[in-house]
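Per this note's numbering, the very first residue in the sequence shown carries number 10; after that it's consecutive.
Yeah, the Cβ is synthetic: ideal placement off N, Cα and C, and Gly gets one too.
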Amino acid sequence: MNKTFNNKTVIISFAIGLLLLLGCEDKEWPTDPPDLTRPEVSSTTPEDGSIMNPTNQPITVTFTEEMNLATISELTEITDGHGNIVSGSWSGSAGVYEFTPQSPFSKLSFYEVTMKGAFSSEGEWLGPGVRDNNGNSLEYETSFSFSTEGNYGNSTFFLGTGNDNGGILAYVQNLKLSELEGFSGEGVQTPAINPAGTELFVASSDDNKVYVIDVASHMLTNEISLPDGIEGPRTLSVSPNGAEVWVACRGSMDLAVINASIKQVDAVISLAEYAEDVHSIAINHAGTRAYITTNWDQGVIVVDMQNRSVLEYIEGVATVESTVELAVTPDDSKIIVFLAWGRRRNCNH
(Lines of atoms letter the chains of each structure in order from A and count residues from 1; the text may use other names and numbers.)
(Lines give C-alpha, C1' and ligand atoms only; values in the text may rest on other atoms or scores of the structure.)
Protein backbone atom coordinates (compact mmCIF):
# COMPACT_ATOMS: atom_id res chain seq x y z
CA MET A 1 0.00 0.00 0.00
CA ASN A 2 1.37 3.33 -1.00
CA LYS A 3 1.92 5.89 1.76
CA THR A 4 2.02 9.61 1.24
CA PHE A 5 4.04 12.08 3.35
CA ASN A 6 3.11 15.67 3.70
CA ASN A 7 5.69 18.46 3.55
CA LYS A 8 5.83 18.89 7.35
CA THR A 9 6.83 15.25 7.86
CA VAL A 10 9.63 15.56 5.32
CA ILE A 11 11.02 18.72 6.93
CA ILE A 12 11.01 17.16 10.39
CA SER A 13 12.76 14.04 9.17
CA PHE A 14 15.37 16.08 7.40
CA ALA A 15 16.07 18.18 10.49
CA ILE A 16 16.48 15.11 12.70
CA GLY A 17 18.90 13.57 10.22
CA LEU A 18 20.92 16.76 10.04
CA LEU A 19 21.23 16.93 13.82
CA LEU A 20 22.36 13.32 13.99
CA LEU A 21 24.93 14.00 11.29
CA LEU A 22 26.29 17.05 13.06
CA GLY A 23 26.44 15.19 16.34
CA CYS A 24 28.76 12.63 14.80
CA GLU A 25 31.34 15.24 13.80
CA ASP A 26 34.51 15.68 15.94
CA LYS A 27 34.37 18.70 18.25
CA GLU A 28 37.22 20.60 20.02
CA TRP A 29 36.14 21.27 23.60
CA PRO A 30 38.17 23.42 26.11
CA THR A 31 40.35 21.22 28.35
CA ASP A 32 41.82 23.84 30.77
CA PRO A 33 39.90 26.19 33.07
CA PRO A 34 40.59 29.93 32.72
CA ASP A 35 43.52 31.30 34.76
CA LEU A 36 42.10 32.82 37.96
CA THR A 37 45.27 32.64 40.09
CA ARG A 38 46.43 35.98 41.47
CA PRO A 39 50.10 36.85 40.94
CA GLU A 40 52.44 37.40 43.87
CA VAL A 41 55.79 39.09 44.38
CA SER A 42 58.36 36.37 45.08
CA SER A 43 61.49 38.50 45.59
CA THR A 44 62.89 42.01 45.26
CA THR A 45 66.28 43.59 44.75
CA PRO A 46 67.13 45.44 46.91
CA GLU A 47 65.57 43.36 49.68
CA ASP A 48 63.05 44.96 52.00
CA GLY A 49 64.81 46.84 54.81
CA SER A 50 68.28 46.46 53.31
CA ILE A 51 70.92 49.18 53.65
CA MET A 52 74.10 50.28 51.88
CA ASN A 53 72.68 49.51 48.42
CA PRO A 54 74.61 50.88 45.42
CA THR A 55 73.14 54.09 44.02
CA ASN A 56 73.43 52.83 40.44
CA GLN A 57 71.66 49.53 41.11
CA PRO A 58 68.21 49.26 39.46
CA ILE A 59 65.17 47.94 41.31
CA THR A 60 64.17 44.41 40.31
CA VAL A 61 60.86 42.75 41.19
CA THR A 62 60.26 39.06 40.49
CA PHE A 63 56.67 37.76 40.26
CA THR A 64 55.27 34.25 40.30
CA GLU A 65 54.15 34.60 36.67
CA GLU A 66 54.30 36.73 33.53
CA MET A 67 52.92 40.21 34.19
CA ASN A 68 51.32 43.01 32.21
CA LEU A 69 54.21 45.47 32.04
CA ALA A 70 51.93 48.45 31.37
CA THR A 71 50.09 47.94 34.67
CA ILE A 72 53.39 47.76 36.56
CA SER A 73 54.44 51.09 35.08
CA GLU A 74 51.06 52.69 35.72
CA LEU A 75 50.30 51.38 39.22
CA THR A 76 53.72 51.32 40.92
CA GLU A 77 54.96 54.33 42.87
CA ILE A 78 58.56 54.87 43.99
CA THR A 79 59.21 57.65 46.50
CA ASP A 80 62.19 58.97 48.41
CA GLY A 81 62.31 59.72 52.13
CA HIS A 82 60.64 63.10 51.58
CA GLY A 83 57.72 61.65 49.63
CA ASN A 84 58.96 62.83 46.24
CA ILE A 85 58.17 60.62 43.23
CA VAL A 86 61.21 59.03 41.59
CA SER A 87 60.99 59.15 37.79
CA GLY A 88 62.19 56.29 35.64
CA SER A 89 61.07 53.42 33.43
CA TRP A 90 60.11 49.75 33.79
CA SER A 91 61.22 46.94 31.52
CA GLY A 92 61.31 43.15 31.57
CA SER A 93 59.41 39.94 30.82
CA ALA A 94 58.88 36.36 31.99
CA GLY A 95 58.01 37.48 35.51
CA VAL A 96 61.16 39.58 36.12
CA TYR A 97 60.84 43.37 35.83
CA GLU A 98 63.36 46.15 36.37
CA PHE A 99 63.00 49.83 37.22
CA THR A 100 65.76 52.15 36.06
CA PRO A 101 65.62 55.70 37.50
CA GLN A 102 66.25 58.68 35.24
CA SER A 103 69.27 59.53 37.41
CA PRO A 104 71.11 57.43 40.00
CA PHE A 105 69.61 57.17 43.48
CA SER A 106 70.97 59.64 46.02
CA LYS A 107 73.48 58.53 48.62
CA LEU A 108 72.43 58.05 52.25
CA SER A 109 68.79 58.07 51.17
CA PHE A 110 65.65 56.06 51.89
CA TYR A 111 63.34 54.78 49.15
CA GLU A 112 60.00 52.96 49.15
CA VAL A 113 58.34 50.98 46.34
CA THR A 114 54.55 50.54 46.44
CA MET A 115 52.56 48.34 44.02
CA LYS A 116 48.80 48.71 44.00
CA GLY A 117 46.64 45.68 44.83
CA ALA A 118 42.96 44.97 44.28
CA PHE A 119 42.01 45.17 47.97
CA SER A 120 43.03 47.20 51.00
CA SER A 121 44.30 45.42 54.12
CA GLU A 122 40.75 45.72 55.49
CA GLY A 123 39.32 43.92 52.45
CA GLU A 124 37.95 47.04 50.73
CA TRP A 125 37.83 46.81 46.93
CA LEU A 126 40.20 49.39 45.42
CA GLY A 127 39.88 48.48 41.77
CA PRO A 128 42.28 46.58 39.50
CA GLY A 129 45.90 46.62 40.63
CA VAL A 130 49.14 45.45 39.07
CA ARG A 131 47.99 42.55 36.85
CA ASP A 132 49.18 39.46 35.05
CA ASN A 133 48.48 38.89 31.34
CA ASN A 134 45.11 37.29 32.16
CA GLY A 135 43.85 40.30 34.10
CA ASN A 136 44.40 38.94 37.63
CA SER A 137 45.54 41.64 40.08
CA LEU A 138 47.82 41.44 43.08
CA GLU A 139 45.40 40.80 45.91
CA TYR A 140 46.84 43.38 48.31
CA GLU A 141 49.17 46.34 48.04
CA THR A 142 52.80 45.24 48.08
CA SER A 143 55.58 47.51 49.31
CA PHE A 144 59.23 47.33 50.27
CA SER A 145 61.90 49.87 51.20
CA PHE A 146 65.66 50.22 51.20
CA SER A 147 68.47 52.68 51.86
CA THR A 148 71.48 53.58 49.77
CA GLU A 149 75.21 53.55 50.42
CA GLY A 150 77.29 56.42 51.71
CA ASN A 151 79.72 57.47 54.42
CA TYR A 152 77.87 56.92 57.69
CA GLY A 153 80.97 57.74 59.78
CA ASN A 154 82.99 55.40 61.95
CA SER A 155 81.07 55.64 65.21
CA THR A 156 80.65 52.37 67.07
CA PHE A 157 77.48 51.35 68.87
CA PHE A 158 76.63 48.23 70.83
CA LEU A 159 73.51 46.14 70.91
CA GLY A 160 72.22 43.11 72.76
CA THR A 161 69.44 40.65 72.02
CA GLY A 162 67.94 38.45 74.65
CA ASN A 163 65.06 35.98 74.72
CA ASP A 164 64.13 32.56 76.03
CA ASN A 165 66.52 30.92 73.57
CA GLY A 166 69.61 32.89 74.57
CA GLY A 167 71.20 36.09 73.39
CA ILE A 168 74.15 37.75 71.75
CA LEU A 169 76.18 40.87 72.37
CA ALA A 170 77.47 42.61 69.28
CA TYR A 171 78.87 45.90 68.05
CA VAL A 172 78.29 47.76 64.82
CA GLN A 173 81.08 49.77 63.22
CA ASN A 174 80.71 51.34 59.77
CA LEU A 175 77.41 49.44 59.62
CA LYS A 176 79.19 46.11 59.86
CA LEU A 177 77.82 43.83 62.57
CA SER A 178 80.32 41.78 64.57
CA GLU A 179 79.62 39.54 67.51
CA LEU A 180 81.80 40.14 70.56
CA GLU A 181 84.24 37.33 71.18
CA GLY A 182 84.47 35.74 74.59
CA PHE A 183 80.92 36.61 75.60
CA SER A 184 78.92 33.57 76.65
CA GLY A 185 76.01 35.10 78.53
CA GLU A 186 72.39 34.58 77.61
CA GLY A 187 69.30 36.73 78.01
CA VAL A 188 71.15 39.95 77.20
CA GLN A 189 69.01 42.89 78.27
CA THR A 190 70.66 46.31 78.50
CA PRO A 191 74.10 47.62 77.56
CA ALA A 192 75.22 50.92 79.15
CA ILE A 193 78.53 52.75 78.65
CA ASN A 194 80.27 54.67 81.43
CA PRO A 195 80.66 58.46 81.05
CA ALA A 196 84.32 58.12 80.08
CA GLY A 197 83.33 55.90 77.16
CA THR A 198 85.82 53.21 78.15
CA GLU A 199 83.67 50.41 79.58
CA LEU A 200 80.39 48.81 78.58
CA PHE A 201 78.26 47.09 81.26
CA VAL A 202 75.75 44.46 80.13
CA ALA A 203 72.94 42.85 82.15
CA SER A 204 72.48 39.14 81.43
CA SER A 205 69.24 37.90 82.95
CA ASP A 206 69.68 34.16 82.42
CA ASP A 207 72.95 33.71 84.29
CA ASN A 208 72.56 36.54 86.87
CA LYS A 209 75.70 38.37 85.85
CA VAL A 210 76.81 41.78 84.67
CA TYR A 211 79.49 41.63 81.98
CA VAL A 212 82.13 44.30 81.45
CA ILE A 213 83.41 45.01 77.92
CA ASP A 214 86.40 47.15 76.98
CA VAL A 215 85.02 49.61 74.42
CA ALA A 216 88.30 50.15 72.57
CA SER A 217 89.10 46.49 72.00
CA HIS A 218 85.51 45.16 72.02
CA MET A 219 86.71 42.40 74.36
CA LEU A 220 85.18 40.95 77.51
CA THR A 221 87.25 41.99 80.56
CA ASN A 222 85.17 41.03 83.60
CA GLU A 223 82.13 39.09 84.82
CA ILE A 224 80.34 40.35 87.93
CA SER A 225 78.21 37.69 89.62
CA LEU A 226 75.22 38.89 91.63
CA PRO A 227 74.83 37.67 95.24
CA ASP A 228 72.79 34.53 95.89
CA GLY A 229 69.08 35.23 95.72
CA ILE A 230 69.49 38.33 93.52
CA GLU A 231 68.09 37.20 90.19
CA GLY A 232 67.07 38.33 86.75
CA PRO A 233 69.06 41.52 86.09
CA ARG A 234 67.02 43.31 83.46
CA THR A 235 68.21 46.87 83.01
CA LEU A 236 71.08 48.96 84.33
CA SER A 237 72.33 52.50 84.39
CA VAL A 238 75.75 54.01 85.16
CA SER A 239 75.91 56.94 87.59
CA PRO A 240 76.96 60.30 86.08
CA ASN A 241 80.33 60.17 87.82
CA GLY A 242 80.94 56.62 86.58
CA ALA A 243 81.51 55.30 90.10
CA GLU A 244 78.49 53.00 90.32
CA VAL A 245 76.34 50.76 88.16
CA TRP A 246 72.75 50.40 89.34
CA VAL A 247 71.04 47.18 88.23
CA ALA A 248 67.27 46.56 88.37
CA CYS A 249 66.71 42.82 88.96
CA ARG A 250 63.30 41.64 87.82
CA GLY A 251 63.59 38.09 89.13
CA SER A 252 64.02 39.02 92.81
CA MET A 253 62.68 42.62 92.78
CA ASP A 254 65.95 44.13 93.96
CA LEU A 255 68.37 46.89 93.05
CA ALA A 256 72.00 45.80 93.00
CA VAL A 257 74.62 48.56 93.29
CA ILE A 258 77.99 47.71 91.73
CA ASN A 259 81.22 49.51 92.59
CA ALA A 260 82.53 50.21 89.10
CA SER A 261 86.19 50.45 90.10
CA ILE A 262 86.48 47.11 91.88
CA LYS A 263 83.69 45.38 89.90
CA GLN A 264 81.81 44.10 92.94
CA VAL A 265 78.27 44.43 94.32
CA ASP A 266 78.46 46.53 97.50
CA ALA A 267 74.74 47.09 98.19
CA VAL A 268 71.33 45.55 97.55
CA ILE A 269 68.05 47.44 97.92
CA SER A 270 64.81 45.45 98.07
CA LEU A 271 61.85 46.73 96.05
CA ALA A 272 59.50 43.81 96.71
CA GLU A 273 57.18 45.69 99.05
CA TYR A 274 56.44 48.33 96.43
CA ALA A 275 55.70 46.34 93.29
CA GLU A 276 55.77 42.90 91.70
CA ASP A 277 57.71 43.81 88.57
CA VAL A 278 60.43 46.20 87.41
CA HIS A 279 61.23 47.21 83.88
CA SER A 280 63.69 50.08 83.42
CA ILE A 281 65.95 52.34 85.47
CA ALA A 282 67.15 55.91 84.87
CA ILE A 283 69.43 58.09 87.01
CA ASN A 284 69.12 61.87 87.17
CA HIS A 285 71.98 64.06 86.00
CA ALA A 286 72.88 65.14 89.53
CA GLY A 287 73.44 61.53 90.49
CA THR A 288 71.13 61.78 93.48
CA ARG A 289 68.06 59.81 92.49
CA ALA A 290 67.28 56.65 90.57
CA TYR A 291 63.85 56.05 89.01
CA ILE A 292 62.53 52.55 88.31
CA THR A 293 59.38 51.77 86.31
CA THR A 294 57.23 48.97 87.71
CA ASN A 295 55.65 47.77 84.47
CA TRP A 296 52.20 46.25 85.18
CA ASP A 297 52.11 47.82 88.65
CA GLN A 298 51.80 51.10 86.76
CA GLY A 299 54.07 53.26 88.86
CA VAL A 300 57.60 54.56 89.42
CA ILE A 301 59.86 53.88 92.41
CA VAL A 302 62.13 56.75 93.48
CA VAL A 303 65.39 55.83 95.24
CA ASP A 304 67.77 58.09 97.20
CA MET A 305 71.15 57.07 95.77
CA GLN A 306 73.22 58.49 98.61
CA ASN A 307 71.27 56.81 101.41
CA ARG A 308 70.44 53.80 99.22
CA SER A 309 66.83 53.72 100.29
CA VAL A 310 63.42 54.13 98.66
CA LEU A 311 62.11 57.68 98.92
CA GLU A 312 58.64 57.11 97.53
CA TYR A 313 56.48 55.16 95.13
CA ILE A 314 54.66 57.29 92.56
CA GLU A 315 51.32 55.61 91.92
CA GLY A 316 48.82 56.29 89.17
CA VAL A 317 51.39 57.08 86.51
CA ALA A 318 49.33 54.80 84.26
CA THR A 319 45.73 53.65 84.46
CA VAL A 320 45.28 50.88 81.93
CA GLU A 321 48.77 50.94 80.43
CA SER A 322 51.98 49.69 82.00
CA THR A 323 55.03 51.85 82.74
CA VAL A 324 58.03 50.72 80.71
CA GLU A 325 60.83 53.06 79.53
CA LEU A 326 61.66 56.42 81.10
CA ALA A 327 64.07 59.35 80.79
CA VAL A 328 65.05 62.35 82.89
CA THR A 329 65.07 65.89 81.48
CA PRO A 330 68.47 67.66 81.48
CA ASP A 331 67.47 69.98 84.35
CA ASP A 332 66.23 66.97 86.44
CA SER A 333 62.85 68.66 86.91
CA LYS A 334 60.82 65.99 85.14
CA ILE A 335 60.87 62.31 84.32
CA ILE A 336 59.25 61.24 81.07
CA VAL A 337 57.53 57.87 81.44
CA PHE A 338 56.62 55.85 78.35
CA LEU A 339 53.60 53.59 78.63
CA ALA A 340 53.18 50.22 76.94
CA TRP A 341 50.43 51.30 74.56
CA GLY A 342 52.34 54.09 72.86
CA ARG A 343 51.60 57.06 75.13
CA ARG A 344 53.84 58.99 77.45
CA ARG A 345 53.31 60.91 80.66
CA ASN A 346 55.36 63.68 82.31
CA CYS A 347 55.95 63.53 86.05
CA ASN A 348 57.22 66.57 87.94
CA HIS A 349 59.83 65.63 90.47
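When Cβ pairs closer than 8 Å are counted between the two stretches, the segment 100-113 is seen to touch the segment 61-81, the count reaching three or more. In its chain, beyond the 5 residues on either side, 324, 325, 326, 327, 328, 330, 331, 332 have a beta carbon closer than 8 Å to the beta carbon of residue 307. In this structure, 218 is the residue among 226, 246, 218 with its C-alpha nearest to the C-alpha of residue 260. In this structure, the alpha-carbon of residue 84 lies about 10 Å from that of residue 150. Proximity of the segment 114-123 to the segment 75-82 falls short of the contact definition, fewer than three beta-carbon pairs being nearer than 8 Å. Scanning its chain for C-beta atoms nearer than 6 Å, with the 5 sequence neighbours on each side dropped, one finds around residue 202 the residues 209, in chain order.
Each of 273, 97, 291 was checked against the Cα of residue 309, and the nearest Cα belongs to 291.
Following the DSSP letters along the chain, one finds residue 213 inside the beta strand (DSSP E) bounded by residues 208-213. Assignment of residue 118 by DSSP, reduced to helix, strand and coil, places it in the coil class. By the beta-carbon neighbour count (other beta carbons within 10 angstroms, threshold 16), residue 138 is buried. For residue 227 and residue 182, the gap between their C-alpha atoms comes out near 11 Å. For residue 187, same chain residues with a beta-carbon under 8 Å away, outside a window of 5 residues either side, are 179, 180, 181, 227 in chain order.
With a 10 Å radius around the Cβ and a threshold of 16 neighbouring Cβ atoms, residue 148 comes out exposed.
Distance from the Cα of residue 206 is smallest, within the candidate group 131, 251, 239, 189, for 251. Spanning the alpha carbons of residue 340 and residue 299 requires a straight line of approximately 15 Å.
Following the DSSP letters along the chain, one finds residue 321 inside the beta strand (DSSP E) bounded by residues 318-323.
Taking the Cα of residue 272 as reference, the smallest distance to any Cα among 230, 198, 282, 237 is reached at 230. The C-beta distance from residue 48 to residue 74 rounds to 5 Å, short enough to fall under 8 Å.
Here residue 145 is buried. Its C-beta has 16 or more other C-beta atoms within 10 Å. Looking at the backbone, the Cα of residue 317 and that of residue 86 are separated by about 58 Å.
In the DSSP assignment, residue 78 falls within the unbroken alpha helix (DSSP H) covering 78-84.
DSSP places residue 98 in the uninterrupted beta strand (DSSP E) bounded by 97-102.
Per DSSP, residue 108 is one residue of the beta strand (DSSP E) stretching across 105-110.
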